[in-house]
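Trainee: Chains as they are written, first to last, in my numbering: chain Y, 360 to 771; chain A, 360 to 771.
Protein chains: 2
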Amino acid sequence: MPGVPESKSPTVYDVARQAEVSIATVSRVLRRPDKVAAATRERVMAAVQQLGYVPNASARGLAGRRTGVLGLLIPGHDLPTTSDREDARSATGEVAFIDDRDGSAADPFRNRYFEQLVRGAEAAAWREGYALMVAAGRDMGREVVMHDLAGRVDGLAAVSRTVPDELLRTSIGRTPLVLVAGHSTADGDGADGGGEGADRAEGADVTDGTVDGVGPRGAIGTTADAVRVDNRGGMRALVEHVLTVKPPGPVLYLAGPPDSPDAAGRAAGFRDAIGGDGAGGDGGTGRDGTAWTELLGDFTWQGGHDAVAAHLEQDTPAAVIAANDQSALGALAALREGGVDVPGTCVVTGFDGIDESRWSTPALTTVRQPMLDLGVRAVELLLRRIADPGAPATELLLPVDVLLRHSCGPHR
Amino acid sequence: MPGVPESKSPTVYDVARQAEVSIATVSRVLRRPDKVAAATRERVMAAVQQLGYVPNASARGLAGRRTGVLGLLIPGHDLPTTSDREDARSATGEVAFIDDRDGSAADPFRNRYFEQLVRGAEAAAWREGYALMVAAGRDMGREVVMHDLAGRVDGLAAVSRTVPDELLRTSIGRTPLVLVAGHSTADGDGADGGGEGADRAEGADVTDGTVDGVGPRGAIGTTADAVRVDNRGGMRALVEHVLTVKPPGPVLYLAGPPDSPDAAGRAAGFRDAIGGDGAGGDGGTGRDGTAWTELLGDFTWQGGHDAVAAHLEQDTPAAVIAANDQSALGALAALREGGVDVPGTCVVTGFDGIDESRWSTPALTTVRQPMLDLGVRAVELLLRRIADPGAPATELLLPVDVLLRHSCGPHR
DNA sequence: GCTCTCGATGTAAGCGCATACACTCGTCGG
DNA sequence: CCGACGAGTGTATGCGCTTACATCGAGAGC
Chain Y
360 MPGVPESKSP
370 TVYDVARQAE
380 VSIATVSRVL
390 RRPDKVAAAT
400 RERVMAAVQQ
410 LGYVPNASAR
420 GLAGRRTGVL
430 GLLIPGHDLP
440 TTSDREDARS
450 ATGEVAFIDD
460 RDGSAADPFR
470 NRYFEQLVRG
480 AEAAAWREGY
490 ALMVAAGRDM
500 GREVVMHDLA
510 GRVDGLAAVS
520 RTVPDELLRT
530 SIGRTPLVLV
540 AGHSTADGDG
550 ADGGGEGADR
560 AEGADVTDGT
570 VDGVGPRGAI
580 GTTADAVRVD
590 NRGGMRALVE
600 HVLTVKPPGP
610 VLYLAGPPDS
620 PDAAGRAAGF
630 RDAIGGDGAG
640 GDGGTGRDGT
650 AWTELLGDFT
660 WQGGHDAVAA
670 HLEQDTPAAV
680 IAANDQSALG
690 ALAALREGGV
700 DVPGTCVVTG
710 FDGIDESRWS
720 TPALTTVRQP
730 MLDLGVRAVE
740 LLLRRIADPG
750 APATELLLPV
760 DVLLRHSCGP
770 HR
Chain A
360 MPGVPESKSP
370 TVYDVARQAE
380 VSIATVSRVL
390 RRPDKVAAAT
400 RERVMAAVQQ
410 LGYVPNASAR
420 GLAGRRTGVL
430 GLLIPGHDLP
440 TTSDREDARS
450 ATGEVAFIDD
460 RDGSAADPFR
470 NRYFEQLVRG
480 AEAAAWREGY
490 ALMVAAGRDM
500 GREVVMHDLA
510 GRVDGLAAVS
520 RTVPDELLRT
530 SIGRTPLVLV
540 AGHSTADGDG
550 ADGGGEGADR
560 AEGADVTDGT
570 VDGVGPRGAI
580 GTTADAVRVD
590 NRGGMRALVE
600 HVLTVKPPGP
610 VLYLAGPPDS
620 PDAAGRAAGF
630 RDAIGGDGAG
640 GDGGTGRDGT
650 AWTELLGDFT
660 WQGGHDAVAA
670 HLEQDTPAAV
680 IAANDQSALG
690 ALAALREGGV
700 DVPGTCVVTG
710 FDGIDESRWS
720 TPALTTVRQP
730 MLDLGVRAVE
740 LLLRRIADPG
750 APATELLLPV
760 DVLLRHSCGP
770 HR
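1) According to DSSP, is A/Phe473 helix, strand or coil?
2) In angstroms, rounded to a whole number, what distance separates the CA positions of A/Ala416 and A/Asp760?
3) Would A/Leu742 and A/Leu755 qualify as a contact pair, given that the criterion is a beta-carbon distance under 8 Å?
4) Under 8 Å, do A/Val454 and Y/Gly592 count as touching if we go by C-beta distance?
5) Over what stretch of residues does the beta strand (DSSP E) that includes A/Arg760 continue unbroken?
6) The alpha helix (DSSP H) with Y/Ala678 in it runs from where to where?
7) Beta carbon of A/Ala722, beta carbon of A/Val707: below 8 Å?
8) If you reduce the DSSP assignment to three classes, tell me which class Y/Leu723 lands in.
9) Short of 7 Å in beta carbon distance, which residues of its chain neighbour A/Ala490, apart from the five on each side in sequence? Order them along the chain.
10) Measure from the C-beta of Y/Val454 to each C-beta in chain A and report whether the shortest distance is under 8 Å.
11) In chain order, what residues of the same chain lie with their CB nearer than 6 Å to the CB of A/Phe473, ignoring the 5 residues before and after it?
12) In this structure, what does DSSP give as the bridge partners for A/Gly331?
13) Given A/Arg646, which residues of its chain have a CB within under 6 Å of its CB, disregarding the five upstream and five downstream residues?
14) If Y/Leu611 sits next to Y/Pro676, beta carbons under 8 Å apart, how far is it from one beta carbon to the other, in whole angstroms?
15) Of all the CB atoms in chain Y, is at least one closer than 8 Å to the CB of A/Pro758?
16) Nearest-angstrom Cα distance between Y/Arg387 and A/Val504?
17) Run through the segment 620-670 of chain Y for me and flag every whole alpha helix (DSSP H) of 4 or more residues, listed as ranges in chain order.
18) Hey, is Y/Asp458's beta-carbon within less than 8 Å of any beta-carbon in chain A?
19) Y/Val477 versus chain A: which residues are under 8 Å apart at the beta carbon?
20) Any idea if A/Ala653 is buried or exposed, counting beta-carbon neighbours within 10 angstroms, 16 or more meaning buried?
21) Within its chain, find whatever has a CB closer than 7 Å to the CB of A/Val738; leave out the 5 residues flanking it on each side and keep chain order.
22) Relative to the C-alpha of A/Pro616, which residue among A/Ala375, A/Leu757 and A/Thr659 is closest?
23) Relative to chain A, which residues along the segment 594-623 of chain Y have a C-beta separation below 9 Å, given in chain order?
24) With 8 Å as the threshold, decide whether the Cβ of Y/Glu401 is near any Cβ in chain A.
25) Once DSSP output is grouped into helix, strand and coil, what is the label at Y/Thr399?
26) Under the rule that 16 or more other beta-carbon atoms within 10 Å means buried, what is Y/Leu762, buried or exposed?
27) Go to Y/Val539, then tell me how far its alpha helix (DSSP H) extends in each direction, as first and last residue.
28) For a cutoff of 8 Å on Cβ pairs, would you count A/Asp548 as touching chain Y?
29) Using the C-alpha atoms, what's the distance from A/Thr521 back to A/Ala622?
30) On a Cα-Cα basis, can you pick out the residue from Y/Ser686, Y/Leu757 and Y/Asp584 that is closest to Y/Pro748?
31) Express the C-alpha separation of Y/Val586 and Y/Leu536 in angstroms, rounding to a whole number.
32) Taking the C-alpha atoms as reference points, what is the distance between A/Gly595 and A/Gly624?
33) Using DSSP with H/G/I as helix, E/B as strand and the rest coil, what is A/Tyr372?
34) Measuring only between beta-carbons, confirm whether Y/Asp507 sits less than 8 Å from chain A.
Now the structure itself:
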């Protein structure tokens, strides 16, 4: 290519020569323009433009001892569909016909909330002058991912349980770390089992280096910051609302599996709201006199359906509070089969905000995790930690969004 | 903190000293282990472990003249909800009650396919030893984003129309670039208006530095690689399928707005499939004798509904092929109102694969863009370009997925 | 008129790593 | 027994930038 200076990218030296200044001045113009005389500044800027100079981030990172990059580790696999469908299809290069009559093929990443997380984190990072690097935790080579990532970033936000705590601790080394409570069905959080008061729902910073090990903060828990979602407070708020709008009559709480931290947090929220006696049992009378019963579910449609159907044999509830959407949808079906009008006779609520909840009949009132916010807060926490590595571990408890829909009747 | 070596991160020098070798050997152990004697290698690895050494990516990038990072630029805004809901909410720290009876609040990023794109790109990048950096194009400071990004990555994949072509060209400079056709409703592609043959649908590489300027490749088009989605081929395949399963009777094509490249590509696909005469008009007889009519829609529910409702006054179609899902859903409603059984009397198809299509009654057969694939291919193309900067611009046309659902009856 | 101060700019020393090249020392063919 | 060879390792340089420090002038203060 004769004549065309297709050469290497220009460097500060090239700019300096062009502008007839030293490289230090070039650097100053770019980093702290106020430290340079206006005339000089303009001369340098002109040279930058003219040469199409783009600062080399590696060099900057090396010299400045910071990369200006934050990492976000989300759950994921190794191109799950690539080796199967994708590659096969692409090889033939033909349109694929997919039988989606059961709705299963619609999306390989159902309820894909991570886009929100990424966007929130990216925006927050950018706002503070950082770039965002994303990586998916994979089954194979996790150490490699982590190791690699750790060397590239100034700090790392990891969706909890994406990689084992153990690995986090060893691979990460000195890299600031923030744990992010992930999608509720994919991990545990909200296991706020202790005796904390209602103020935990206020989203205030809770400084604690000694949380009891439950939840996403295991072994590493005591040394890492974390952003969590307030399952308990969300359920409490939801139930309090339901109590004001439901028809007169008993309340049914459709619990989740006992070993799920999510289920535990939500159950605690329910008890907070219903109040009264029976806090330790499976039923009782709430502080406002409302009778309530707790049924054991397993987070599945069938489980919710069967439990409620069985219960209908003996009693008709005025409200079914389910610990998640799937079981709420099952309950909805059972009520329909039992001829119970929803929301006229009985209101129903779910938890999680899965896509299906929006399209059920009636549409399900549910609770959504603030994924965008999670991303934003995680980054904010991370930046705070980077700024002050010595600060005590902080836990942020984010309030949820309650989505009021038809299944709990007219609102307000 | 006395005693605790909370010092800086260890470097190759520390490892070298610990293992009693030179830094070159340490580097070799990490980069090309086969070049080092087994005993030495183990000694070094032990030191690495012991010190918790993590290579500094900036230094590596500087010395190696490559960052090992690819950039992905997706459309987006500046925390759209942050300054409003998020910040307001977080300030109070309380659970937000959102009236979602109309379904509008369910998700700030409806039909958010970008998670797929990111995952595909990330996985493909990782597979080749690269990390992925994502950035959202924002209204403000685009130059800054681009400039910054350009200095950080070895190559950049940009969803087309995320930033102006102009900016791409100037900011990017020498950085390898691949354009990615974005979500169909957000940008244009498939404007394969030229006289290309059916082979364009085969997903083969199409080498052309001289595409007519339509579509995402504007001024910069002739110099950048691109990955596109085959709207035309997708519609053609879909229509061919419909012709084999529909009841006897005429076909209605519900077109999109004339100025949309998407609409143009899909209309062309329809004509490819239906064949016969009338290729230039708004109706005719297909090559298999099927009568067809084209109605002008505008991609909206109402437009689809009204057009079909009006048409029903004079004729009952055996198939309604809509240029997108929204208008297909409108058509579905009009048919229901008109007492036309779907899919018994008339089959219906959409295009785009929006969430609603899955939950309509009957569920809508539609076409989905292979976002995961798009991400994978974009990265592959990018890597190819990085490897051979001098290669002619390549355009990849990806086949779509047809999601067969109840609205087009029993399949096969 | 001379020193002092301070703003503007230049000089030069790394930042941590990869790698070309030099060097050492067995091994092997002759 | 000697030189060529090659595997294994060390030395030294530079990647492009930031920044502490030195330098230089031009007013300000006396």
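By construction, the Cβ of each residue, glycine as well, lies at the ideal position given by its N, Cα and C atoms.
The structure presented is a predicted model; accordingly, all values stated were derived computationally and were not measured.
Mentor: In short, the structure shows the following:
1) Secondary structure at A/Phe473: helix, using DSSP grouped into helix, strand and coil.
2) Approximately 39 Å between the Cα atoms of the pair.
3) Contact flag unset, no.
4) Yes, Cβ-Cβ distance for A/Val454 and Y/Gly592 is below 8 Å.
5) The displayed chain sequence assigns Asp, not Arg, to residue 760 of chain A. Start and end: Asp760 to Leu763.
6) That residue, Y/Ala678, is in no alpha helix (DSSP H); its beta strand (DSSP E) goes Ala678 to Ala681.
7) Against a cut-off of 8 Å, the Cβ pair of A/Val707 and A/Ala722 comes out as no contact.
8) Reduced to three states, the DSSP call for Y/Leu723 is coil.
9) Residues Gly427, Val428 and Ala484 of the same chain have their beta carbon placed closer than 7 Å to that of A/Ala490, with the five preceding and five following residues left out of the count.
10) Chain A contact via Cβ: present.
11) Answer for A/Phe473: Ile433, listed in chain order.
12) Since the first and last residues shown for chain A are 360 and 771, residue 331 of chain A lies out of range.
13) Result list for A/Arg646: Gly634 and Gly635, in chain order.
14) About 4 Å; that satisfies the 8 Å criterion.
15) Yes - at least one Cβ of chain Y is within 8 Å of the one on A/Pro758.
16) Cα to Cα, the separation comes out at about 20 Å.
17) 620-633, all fully within the segment 620-670 of chain Y.
18) Answer yes: the Cβ-Cβ gap between Y/Asp458 and chain A drops below 8 Å somewhere.
19) Per Cβ cutoff of 8 Å: Glu474, Val477 and Val493.
20) With the sequence shown as reference, residue 653 of chain A is identified as Glu, and Ala is not the correct amino acid for it. Its Cβ being crowded by 16 or more others within 10 Å, A/Glu653 is buried.
21) Non-local C-beta neighbours of A/Val738 in its own chain, meaning closer than 7 Å and more than five positions away in sequence, comprise Leu429, Ala480, Ala483, Ala484 and Ala516, ordered along the chain.
22) The option with the nearest alpha carbon to A/Pro616 is A/Thr659.
23) Of all residues in the segment 594-623 of chain Y, Arg595, Ala596, Leu597 and His600 have a Cβ within less than 9 Å of some Cβ in chain A.
24) Interface with chain A (8 Å Cβ-Cβ cutoff): Y/Glu401 is excluded.
25) In the structure shown, Y/Thr399 sits in a helix (DSSP, three-state: H, G or I).
26) Buried is the call here.
27) Per DSSP, Y/Val539 lies in no alpha helix (DSSP H) segment; the continuous beta strand (DSSP E) that holds it begins and ends at Leu536 to Val539.
28) Here A/Asp548 scores only 34 on pLDDT, less than 50, and its place in the model should not be relied on; the value that follows carries that caveat. By this cut-off, A/Asp548 is not an interface position.
29) The straight-line gap separating the alpha-carbon atoms of A/Ala622 and A/Thr521 is approximately 20 Å.
30) Of the candidates Y/Ser686, Y/Leu757 and Y/Asp584, Y/Asp584 places its Cα closest to the Cα of Y/Pro748.
31) Pairing Y/Leu536 with Y/Val586, the inter-Cα distance amounts to about 11 Å.
32) The residue you asked about is not Gly; residue 595 of chain A is Arg in the sequence shown. If I take the Cα positions, the gap works out to 10 Å.
33) A/Tyr372: helix per DSSP, three-state reduction.
34) When Cβ-Cβ separations below 8 Å define contact, Y/Asp507 makes contact with chain A.
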